[in-house]
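Below you'll find the structure, written out as structure tokens, and then a few comments.
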Amino acid sequence: MQEGDTITITFGETSGGSQGVRLQTFCEETFEFRVLVDPIATANYQALPDQPKIRIVPGKPTTWAAVVPTGRTPGETFELKIKGEDIWGNPSDQCDATFKVKSSRPVNGLPETVTLKPGAFAEIVEGLSVDGEGLVDIWFEDDGGAEVFRANPLVIQGDLELKPYWVDLHGQSEETIGTGTARAFFEFARDKAFVDAAGHQGNDFQITKGFWSHLDNLCEEFDEPGKFLTPLGYEWSGNTALGGDRNMFYPSKDRVIRRSSHALIEDKSDMSTDCNTAGELFDALAADKEWDVVNYAHCGGRYADVKLAHDGRFEKSMEIHSSWGTFEWLVEDALDMGYRTGIVANSDGHKGRPGASYPGASLFGAVGGLTCMLMPDLTRESLFDCIRKRRHYATTGGHGGRMVIDVKAQFDAPGTLYHDNPALDYPTPPEGFETRDAMMGDIVHLPEGGAQLNVDIQAAAPVERVDIFNGRDLIETIRPYTQEDLGGRIRVHWEGAEYRGRFRQVIWDGTAHVQDNEIVRAEAFNFFNPEKVLEQTSSTALKWMSLTTGNFGGFDMWVKDAWGGTLKIETPLVQCGVPLEEIG
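The sequence shown begins at 34 in our numbering and counts up one residue at a time.
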């Protein structure tokens, strides 16, 4: 070639029979086409200094979401935040819609309508408040009066000492293995996902000294007490045989990062601070008296082995849900070992969407999770205190993820309450307090007498069941309906993962047939990828495409005769037949 010559490459050319090219299903400001050349014909390819770039932007909205706090006090002001999302879950700036706003009880300042205009990613209504206590539901209707979507439940409570705040403390940006800049990461969490706190958790073996300093400064810049928190952190990324992934969090700046290795870092000048095993990591924190550091055990590619390595003085919780799937076995391992542990969920998103992470057309099989932190106020001090005391609960995220769960226990006789495990080797042993009641996360020594468990749940999605466990033992299952309420409705539910590590996806593509009966209609649940669908192929048959990664999915079908005929199911893993009268 001569200087000035050009090569034109057409992506997605269909004239020769190709189906074309589909881009990734998440937005990106600078999507690069990596181009390398062999300038002197020696097979020594070099990257072009300026790579061709395009912007990947959201499509038109197909769903709508509204967020309010899940708990506040009478008269306390709050905001209503509304957005539209495209078919792949990206917040859309192509919204052009007006909705009527309805509420189950008077909300001061609530407008009669809201309008989402082109060019804006969200509409925020400020200065709302509610007089008196009780449950508040807010929903949105079209011009015909049909409900289109609704906000999460809001509970107004006078004695609300600990308020619920929603966080996603685990995700990455392009400086490590994610998408978009770290700055864009925090902006998305605050302005488009509407979470109260976000944590950046880059793989340690990719975090240079320069990026660690940059991330430290960003966390300080974005941290705004009362509005949005950004604690400094990273992912300790040792292989499972060395302890497995951990999410590390610091309450202050200018902290030492203890990496699992310098595998992808050219500058080896700070290798002396590396901790190659999780045990070494905990020992180093204790030796340097860094008792303000907290961490979670995490399951991603290098899942944590908490039976091999765990230190309850630092490791406060198990992350049992993320975009990678659902991992209840992680907390079960902790229970087997007698650990006192909390439960959290985060996104571990790599697509630049912390707090609102969706699977898309990929091997990720779940929506990113959210954790509700119960705190007196939105400050770093309260956040770290909450994590240490395990006063939080996990949900699987999404539009229905912000739910109210209030768990308390009352005792027949006085017990001793601890906010940390008194069996652990602290420089100063945890103090005990006499008590006759306890809340989520508390550790209580009860010498005698029984306990009453009080649970209140206000969900943004229908509740199928509530399972109550004592450790790993299932004590009771409570269902908010009876067999008579179901009529001809039957649920087919699948769940699970192949194994604990990578490539855990389970393919559930299959068919269902009814004999001597008729399917009136069918509806899928947890089919997160729009291309994986449930179809009714005849009056007696269904087919579907679905996968799980530890989480669950399935479908409901309504049959003409609730008790007649047989249901036959064919999937790669399960082939079975069951008379409908035996389902119950």
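The C-beta atom is built at its ideal place from N, Cα and C for all residues, glycine as well.
All of these numbers come straight from a predicted model, not from anything done at the bench.
Checklist entry - Taking just the CA atoms, how far does Leu-193 sit from Thr-43? => result 60 Å
Next on the checklist: Judging by CA-CA distance, which residue of Pro-480, Ala-494 and Met-472 is the nearest neighbour of Val-488?
Outcome noted: Met-472
Item to check | Gly-345 versus Ala-215 - alpha carbon distance | outcome: 30 Å
Item to check | Distance between Gly-334 and Gly-610 (C-alpha atoms, nearest Å) | outcome: 36 Å
Item to check | Nearest candidate by alpha-carbon position, reference Asp-453, set Trp-324, Cys-405 and Tyr-532 | outcome: Trp-324
Item to check | Alpha-carbon spacing of Leu-363 relative to Gly-529, whole angstroms | outcome: 14 Å
Item to check | Limits of the beta strand (DSSP E) - the one that Arg-183 falls within | outcome: 180-183
Next on the checklist: My output table needs one value for Ser-571: the three-state DSSP class, helix, strand or coil.
Outcome noted: strand
Next on the checklist: Rounded to whole angstroms, what is the Cα-Cα separation between Ile-73 and Arg-288?
Outcome noted: 47 Å
Next on the checklist: If you reduce the DSSP assignment to three classes, tell me which class Gln-35 lands in.
Outcome noted: coil
Next on the checklist: Given this structure, state the Cα-to-Cα distance separating Phe-219 from Thr-263, to the nearest angstrom.
Outcome noted: 8 Å
Next on the checklist: Taking DSSP's pairing of strands, which residues face Met-473 in a bridge?
Outcome noted: Paired residue(s): none; Met-473 is not in a bridge.
Checklist entry - On the three-pair Cβ rule with 8 Å, is the segment 163-181 touching the segment 382-399? => result no
Next on the checklist: Using only the alpha-carbon positions, how far apart do Gly-243 and Glu-208 sit?
Outcome noted: 11 Å
Next on the checklist: I need the DSSP call for Gly-485, collapsed to helix, strand or coil.
Outcome noted: The sequence as given places Gln at residue 485; Gly does not occur at that position. In the structure shown, Gln-485 sits in a strand (DSSP, three-state: E or B).
Item to check | Alpha-carbon spacing of Arg-105 relative to Thr-570, whole angstroms | outcome: 48 Å
Item to check | Span of the alpha helix (DSSP H) around Glu-220 | outcome: 215-224
Next on the checklist: So for Gln-591, helix, strand or coil by DSSP?
Outcome noted: Note that residue 591 corresponds to Trp in the displayed sequence, not to Gln. Strand.
Checklist entry - For the 8 Å Cβ check, are there 3 or more pairs between the segment 59-72 and the segment 153-172? => result no
Checklist entry - Ends of the alpha helix (DSSP H) at Ile-420? => result 413-422
Next on the checklist: Give me, in chain order, the residues of the same chain whose beta-carbon lies closer than 6 Å to that of Pro-258; leave out the 5 immediate sequence neighbours on both sides.
Outcome noted: Thr-412
Next on the checklist: One question on the structure: do Gly-204 and Gln-234 come within less than 9 Å of each other, judged by their Cβ atoms?
Outcome noted: yes
Checklist entry - Where Pro-107 and Gly-465 are concerned, what is the direct C-alpha to C-alpha distance, given to the nearest angstrom? => result 33 Å
Checklist entry - Name the DSSP bridge partner or partners of Ile-171? => result Ser-136
Checklist entry - Could you give the distance in angstroms between the alpha-carbon of Ala-555 and the alpha-carbon of Lys-601? => result 15 Å
Checklist entry - Near Gln-84, which residues of its chain fall below 7 Å by C-beta distance, leaving aside the five closest residues on each side in sequence? => result Glu-65, Phe-66, Arg-67 and Val-68
Item to check | Own chain, CB closer than 6 Å to Lys-301, minus 5 neighbours either side, in chain order | outcome: His-295
Checklist entry - Quick one: any contact between the segment 372-379 and the segment 397-413, if contact means 3 or more CB pairs under 8 Å? => result yes
Item to check | Proximity winner among Leu-161, Thr-510, Ile-210 and Thr-47, relative to Leu-187 (alpha-carbon distances) | outcome: Leu-161
Item to check | Where Thr-106 falls: helix, strand or coil (DSSP) | outcome: coil
Next on the checklist: Please classify Tyr-532 as buried or exposed, where buried requires at least 16 neighbouring CB atoms within 10 angstroms.
Outcome noted: exposed
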